[in-house]
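In the numbering used here, the protein residues as written are 11 to 178.
What follows is a short report on a single structure.
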């Protein structure tokens with residue numbers, strides 16, 4: 011709540027939040043209940059300060075779109091959405107999983123790599139942008155580069171491609 015207030019004073023529009031991992035000896039259901047309760051409280055602060063909360067699909071108890079949405083859907087607030095990290099699903103079909111959470115997206119970190127079945131491959135950025143557009147996504151898109159190629163060479167190339175695909 012303190013960081014939401016700080017973000018509001020700084021003029022930030024969004025604060026990225028995480029749900030964490032399942033503590034040893036805990037159940038998923040109990041952890042989810044605690045996260046939902048905390049997000050409900052934080053949404054009250056977010057509304058007061060005019061800041062969107064964006065829950066990221068960041069492994070742990072948000073490792074699948076189903077687990078992520080089990081946290082988002084019970085929170086009845088327009089101040090909560092999803093930070094879509096396109097490289098964080100290590101599932102059989104990360105693109106299908108991105109499509110499941112895209113309607114809830116308020117910001118997106120587009121990565122240049124995806125991990126179907128946990129194996130790295132170059133992301134199909136056209137497919138990612140098509141998914142976002144198909145979900146009527148209107149949030150910010152940030153390029154998050156973590157690949158091996160020299161970022162001074164790769165980042166400008168990917169920014170140019172994303173701008174072309176997005177239409178800006």
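Cβ coordinates follow ideal geometry from the N, Cα and C atoms, glycine included.
Could you check whether residue j and residue i sit closer than 8 Å to each other, using their CB atoms as the reference points?
i, j, result
"residue 112", "residue 78", "no"
"residue 82", "residue 114", "yes"
"residue 64", "residue 92", "yes"
"residue 144", "residue 116", "no"
"residue 157", "residue 96", "no"
"residue 16", "residue 66", "no"
"residue 37", "residue 74", "no"
Just verifying my parser: in three-state terms, what is the DSSP assignment at residue i?
i, result
"residue 109", "helix"
"residue 31", "coil"
"residue 39", "helix"
"residue 18", "helix"
"residue 2", "Nothing about residue 2 can be read from this structure; the chain reaches only from 11 to 178."
"residue 130", "coil"
"residue 25", "strand"
"residue 69", "strand"
Give me whichever residues DSSP pairs with residue i in a beta bridge.
i, result
"residue 91", "64"
"residue 154", "121"
"residue 115", "92"
Give me, in chain order, the residues of the same chain whose beta-carbon lies closer than 6 Å to that of residue i; leave out the 5 immediate sequence neighbours on both sides.
i, result
"residue 56", "14, 63, 89"
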